[in-house]
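I have placed the structure first, in the form of structure tokens, so that the comments after it can refer back to it.
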Amino acid sequence: MATEALGLPFEVGAASAWLVWILPFIAALIMPGIGKLSKNTTGYVAVGFALMSALSAASMLPMALEAHEIHDQVMWIESIGLKGGVLADPLSIIMANVVGWISFLIMIYSTGYMKGDKDITRFWFWMMFFIGSMQLIVLSDNLLQVFFGWEGVGLASYALISFWYRDKKKDHVGTEGRTVLGLLDYYAPTHAGMKAFIMTKVGDVMMIAGMLLIFLFAGTFGFRELMDDHTWATAMSAQGLLVPAFVLLFGGAIGKSAQFPLNEWLLEAMTGPTAVSALIHAATMVKAGVFLVARIGPLVFALGAAGILADQFFEIVAWVGAITALLLATQGMVNPEIKKVLAYSTGSQIGYMMMALGVAGLSHQYVDGYTAGFFHLISHAMFKASLFMAAGSLLHIVGSRFMTDMGGLRKHMKKTYAFMWAAGLGLMGAPFITTGFWSKDAIFAAVYESGSEWALPIFAIAVLTAVITAFYTTRMIGMVFYGKKSRHIEKMEEEGHHIHEASLSMWVPYGILAVLTIGIGLIGFSAEGGIHHLFAEYLDHTFGIHTAHVESGDSFLPAPLDGLNPVALGSSLVAFSIGIGLGYVFYIGRWVDPVKFVNSNIFFYAIHKVILNRWYLNAIIYWCFVVAPLWLSRGIFRYFEKTAIDYGMNNGFQKAVGWGAKVVQGTQTGVAQSYLFVFGAGLLFVVLILLI
Amino acid sequence: MEYALLQAVFLPLLLSPVAYIIGRKMGPTPAMWFTFAILLYTTIIVIQAALSGTVEEHYPWTDQFGEFGFLLDGLASPFAIMIYVLCTILALYSKPYMIHKFHEQYEEEHKEIATTTGTSTVVESSSLSNYVNAKSGLYFALYLVFAMGMLGTVLATNLIEFYVFFEIMLIPGFFLVALWGDGPRRKIGLMFLFWTHAGAVVLLLGFLMIGLTVGSFDFADIHESEIPQDIVLVSAIAISIGLGVKLAVFMFHIWLPWVHGSAPTPISALLSPAMIGIGAYGIFRLIVEFLPATFADLAIWFHIWGLVTMLYGGAMALMQDDIKRLLAYSSISQMGYILFGIGSMSVLGLSGAEMMYVTHALGKGILFMMAGILIVKVGTRSISKLGGLAGKMPITAVCAVIGALTIMGVPPTSGFMGEWTLFYGALETAIEEGSTVRAVTFGLGLVATALTMSYMLWMLKRVFFGKTPEHLENVKEGSWYMTAPMMVLAGFTVVLGIYPDIFFEQIIPYFNGVLGV
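Now the structure itself:
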């Protein structure tokens, strides 16, 4: 291991690793000052710092490709013997680049999207804080420091989701007046921010419990230190605490990455400015959970290889991922709000990543699933950022979050139309030309070949989800760009609004990413091969996880596709065709009216209703964890605090004192009777005790 | 420096008449600066002494009681520093708030006179300023004595001395509430006096039992092994109950919401973060350090009691509409955290508990100052009448968020450093003892953190975010006297959250020594 290797190039590398996350924080710190001087400058400063941070990340890339590692530590809390530091290995360097560059593009987009907002300084402060926190998670070398970034992104998301804190009607999400199980399905920004913060906190609480358990046995939070010496794991395993500890850590990832059952905050998070949604969904926050699993996964697997088994961890990860993928994808099919469709899609795609990372641990070829999950993270980051930014343009132009208020926009917004198709194809996994296809295919293959007992059911879920994904993406594009113009748009045009393309600073960023989705997609297979190779080496070097070389002689596929799994490939093609075909029938060709179709029989109607009501999960969570505790608190307050304590004890004692005062008044007249009475009584008691 | 601690404790007391005279003759501003200067000087002395390591001073006292001494060690210094830092900073904050209060009371009294005599008197401006001068002289004099009482308690080295200081801080506290509180202030002041004094008497009982058995009241002479077991147990329970009243733990918290809600806000900001936590200091010093074997028996009960207090205080805070009462219940909950940490019986758990005192002092100090600014600038303390103030008073809003994050224990505020060490301690003992009860309390303790987060965020939402009611259109930011102290504390909590060694390097070695690790 080249961890502590010194020498000039490494020190330069260490400096970059520090700078990647410190620069955004510096930008955040100086932002209020710059905002005071000139509000217009803030955007340039933010973009500039985001660029510098991304460049620092890029400067580490050569090291990643050579599978080098930078591990630079400083003393942090000396009295407990805790060190802080940066750990830049291939995993974190690639992640830092994904985060850095996508954030940079989103920052450029924001200069256009947020133009003229009077609270712009606050916006930039939190955006930079957000990026800094995320990079801190990525580059930290220990769990405690990760947790700082972890709560940092939570805090930033809270602040940004409720950025428009004045709770104007246009900033809400949900349909006004709609109720599910008696609870409003309509959220104000401040409510949404709170919901996100508290819900992810539930995950964080689990995570901290897991961290503390590990610290208790290992005496360290450091990722490398945990790897170097396995005795802690043996001890924990003996007490049956190893799996719980890892699962608790995963609890943090469930919260941050909006996985089942803590997925519900993600939808309301759509109250934030769209640039924020893009940042949350593509680069920061929800990816943090996946990253954490990618961080600790190899450790768990390596422990398993050393005989300290924790397979249940991987099973849970895989199943949580699978359930989330399907659960959220279904909801994406019915929601009328464009950002919510994208949000459901994100949760669902993150589910895919978790699925891959979980299944990886259940197979013998850890690197396959690992690479697949991480590659999907990268490709998802590109197309989802692009889709969100494009959706932001639509919102900006149309002034409504409902897709039913759009329609027929393809002639007016040609660029957005084209880019959305390109990125959308990535999300659907259009064969051979998009990154999304290759990464999804890799996941399918990894699941199918894993040899786990759960392989088939999870594979089936994955394929079904792919069908649904292709369907809802087509639906979204169809509703927005095809068909007739909606009444809303006609009204806008009547009022003299001109429906036009978004400004340059807005369409260029999502254009770049859409083009990249296709561009990298064209060479996707070899790109994946490159990452695969890199990770195989990394896992081998750092964790001692060897990769067996599979001979691919018996494949009947043509030479360029040699090495693909035919079953996975076939399912992927079929899923894509069915999904896009159905979507075409309903929303682009408009041969069948979806509303009539749903209402045509009671069965479809019931399913539609359950899905539209979010499988009732949100409502149940609110009843159990918001309504009921409040009701209980009110009961205790009214019938215990106000009666027993306030009335009973206070007044009771007062009366007793009043009576006592009368007794004492014979000898003591005047001031502060109660004081004297108690003093006297106390002394008396002492004397009695002493005498006895 | 020679006599450093003696100066630090008695200078405010000796100079309090001067503050009174200055206030009377020259007005509130010179009195405020004078108070500030004394406290700043003594704070610097305390910090300097703390930096030089453990400081001990002994002075002859009476034969019966033993020595009159001061001890500033790893346990006492975070308490001492926080108490004086808060007192110093809040002296500045006091001026605008108390002048506002004096004006209010002046009008009230004159209205009474006018109605009783039936004559409409023209208010002379000179009579108002005389009134304010006299009152502010008295206020700052009492303020100094209050500060002195708190510091003396945490530095005492003798049971009787401890008790004397413990009671001294009560008297100015009583007057400050009874003279300038809100609502039925005399009644509430008396309630404060009664309950905490009742607690103090039980405490004294415990002291006397130990002192008379040992034959000396000096801390140094207390050796648990020399005292018969049943006496130790009874006196430890008496001491815990006595300090529990001060700490306002569940069932003994009766007085706290009333008093904190009613007291003038700068005093609430001292009572809540600084004063009630002294109960925790007492438990650390008297029970954890001096009666370790008994502590080991009682620890689980502290643990559970702390947990119940955490949950109960949090649940009650959810129900409050009066912002100061909400903060008061929040303080009860936070004291629960401290007791929970004490019950963990491990080095990091106890250190975390002490860190919670520091961090609660910072966070709650900020939040009470926020409440005071709302009272002065908006004129209401009812949360339901507030909303959307973040745009009107950005500095207050930012500081309040930082304060709330500190209470919630979100990094990078110091709250997180207190919280994770505290919970680590709880977990450590649970695993080492293999105790199911402790494992469950650990889990429920984590639930309490989510509860804390809920009531804090909900409060922020209702006060600072959302729609602005019409009557708040013209609200302005508080003056610098009020915002600057908040900013200082907010800065401090972040610094401490990133670099907790400032206090940990004193606290942890101390508890290592006490628990014999």
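These protein sequences, in sequence, are chains X and S.
Counting in our numbering, the first sequence runs from 1 upward without gaps.
Counting in our numbering, the second sequence runs from 1001 upward without gaps.
Even glycine gets a Cβ: it sits at the ideal position worked out from N, Cα and C.
- Query: So, is the C-beta of residue 1310 of chain S closer than 7 Å to a C-beta in chain X?
  - Reply: no
Inset, instruction - With a threshold of 16 other CB atoms inside 10 Å of the CB of residue 1229 of chain S, please say whether the residue is buried or exposed. - result: exposed
Proximity winner among S:1399, S:1239, S:1009 and S:1439, relative to residue 1460 of chain S (alpha-carbon distances):
S:1399
Contiguous beta strand (DSSP E) assignments of at least 3 residues, all confined to the segment 1070-1103 of chain S | none
Exercise for review: Give, in chain order, every unbroken run of the alpha helix (DSSP H) that is at least 4 residues long and sits entirely within the segment 595-632 of chain X.
Suggested key: 602-612 and 617-622
Query raised in the report: Using a Cβ-Cβ cut-off of 7 Å (strictly less than) and excluding sequence neighbours within five positions of residue 174 of chain X, which residues of its own chain qualify?
Result: 185, 186 and 187
Q. How is residue 180 of chain X classed by DSSP in three states: helix, strand or coil?
A. strand
Check: By the criterion of Cβ-Cβ separation under 9 Å, what are the contact partners of residue 1182 of chain S in chain X?
Finding: Ordered by position in chain X, no residue passes the 9 Å Cβ test against residue 1182 of chain S, which lies about 17 Å from the chain.
(Q) Just to confirm the assignment: which complete alpha helix (DSSP H) runs, minimum length 4, are found wholly within the segment 1263-1302 of chain S? (A) 1265-1270 and 1278-1282
| field | Closest Cα partner of residue 1244 of chain S within the set S:1260, S:1335, S:1289 and S:1299 | value | S:1335
query: Within the 7 Å Cβ cut-off, does residue 271 of chain X reach chain S?
result: no
| query | Taking DSSP as the reference, what is the three-state secondary structure of residue 87 of chain X? | reply | strand
Classify residue 597 of chain X: buried if its beta carbon has 16 or more other beta carbons within 10 angstroms, exposed otherwise. exposed
Among S:1441, S:1380 and S:1027, which has the Cα closest to the Cα of residue 1341 of chain S?
S:1441
Q. Cα-Cα, which of S:1020, S:1241 and S:1482 is closest to residue 1265 of chain S?
A. S:1482
Please list, in chain order, the chain X residues whose beta carbon lies closer than 8 Å to that of residue 1453 of chain S. 197, 198 and 201
### Task
Check whether the segment 1422-1440 of chain S touches the segment 163-181 of chain X, counting contact only when three or more Cβ pairs, one atom from each stretch, lie closer than 8 Å.
no
Who are the neighbours of residue 1410 of chain S on chain X, taking C-beta pairs under 8 Å? 151, 154 and 155
Using the beta-carbon count (16 or more within 10 Å), is residue 302 of chain X buried or exposed? buried
Exercise. Just grab the DSSP bridge partners of residue 174 of chain X for me.
Key: X:186
- Assign residue 40 of chain X to one of two classes, buried (16 or more other C-beta atoms within 10 Å of its C-beta) or exposed (fewer than that). exposed
Given a limit of 7 Å on CB to CB distance, which residues of the segment 1128-1146 of chain S reach chain X?
none
Considering Cα atoms alone, identify which of X:345, X:319 and X:313 is closest to residue 286 of chain X.
X:345
For chain X, find out if any of its Cβ atoms is closer than 7 Å to the Cβ of residue 1073 of chain S; answer yes or no. no
Any C-beta of chain S under 7 Å from that of residue 167 of chain X = yes
field: Where residue 1003 of chain S falls, given that 16 or more other Cβ within 10 Å makes a residue buried
entry: exposed
Margin query: Does the CB of residue 1403 of chain S have a neighbour CB from chain X at under 7 Å?
Written below: no
What residues from chain X crowd round residue 1501 of chain S, counting only those whose CB sits closer than 7 Å? 77, 78 and 79
**Asked** At least one CB of chain X closer than 7 Å to the CB of residue 1427 of chain S: is that the case?
**Response** yes
Task: Under 8 Å by beta carbon: chain S residues contacting residue 216 of chain X - done: 1424, 1427, 1428 and 1431
Check: Using 7 Å as the limit for Cβ to Cβ distance, is residue 133 of chain X near chain S?
Finding: no
Can you pull the DSSP bridge partners for residue 263 of chain X?
None, per the DSSP bridge assignment.
For a contact defined as C-beta to C-beta under 9 Å, what are the partners of residue 649 of chain X on chain S? 1251 and 1254
- request: Could you work out which residues of chain X lie near residue 1457 of chain S, taking near to mean beta carbons separated by less than 7 Å?
  value: 194, 197 and 198
Check: Who are the neighbours of residue 685 of chain X on chain C, taking C-beta pairs under 7 Å?
Finding: Looking for chain C here will not work: the only protein chains present are X and S.
* For residue 165 of chain X, which three-state DSSP category applies? -> coil
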